[in-house]
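Worksheet: one structure, shown below.
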Amino acid sequence: MVEDAKCHGSFDFIFVDADKDNYLNYHQRLIDLVRIGGVIGYDNTLWNGSLVAPPDAPLRKYVRYYRDFVLELNKALAIDPRV
């Protein structure tokens, strides 16, 4: 991960396909690196449709586990004025 302050605002596009339990941490670090008008793409933000499934829906164990992390990211993105 680039930490140098001179890189702030220097990326046009960032794609994140990593551990979903840290997506929000990645967002908080990457938002300063992408230029205004740039794009950050997050893989699996719909997470197999599980985000709209009822709480008692039968989901695979790993889908249910990561679902909350992806929901947390989506909620944070929805209220982040920089997005």
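Quick note, our numbering runs 91 ahead of the 1-based positions in the sequence shown. Just so you know, even glycine gets a beta-carbon here, dropped at the ideal spot from N, CA and C.
Look up residue i in the DSSP assignment and say whether it is helix, strand or coil.
i      : result
Ile122 : coil
Gly140 : helix
Asp159 : helix
Asp103 : strand
Val154 : helix
Apart from the five residues just before and just after residue i, which ones in its own chain have a Cβ nearer than 7 Å to its Cβ?
i      : result
Phe102 : Leu124, Val125, Arg126 and Gly129
Gln119 : none
Just to confirm before moving on: does the CB-CB distance between residue i and residue j stay below 7 Å?
i      : j      : result
Leu115 : Ala169 : no
Val154 : Asn139 : yes
Would you list the residues sitting across from residue i in a DSSP beta bridge?
i      : result
Gly132 : Phe106
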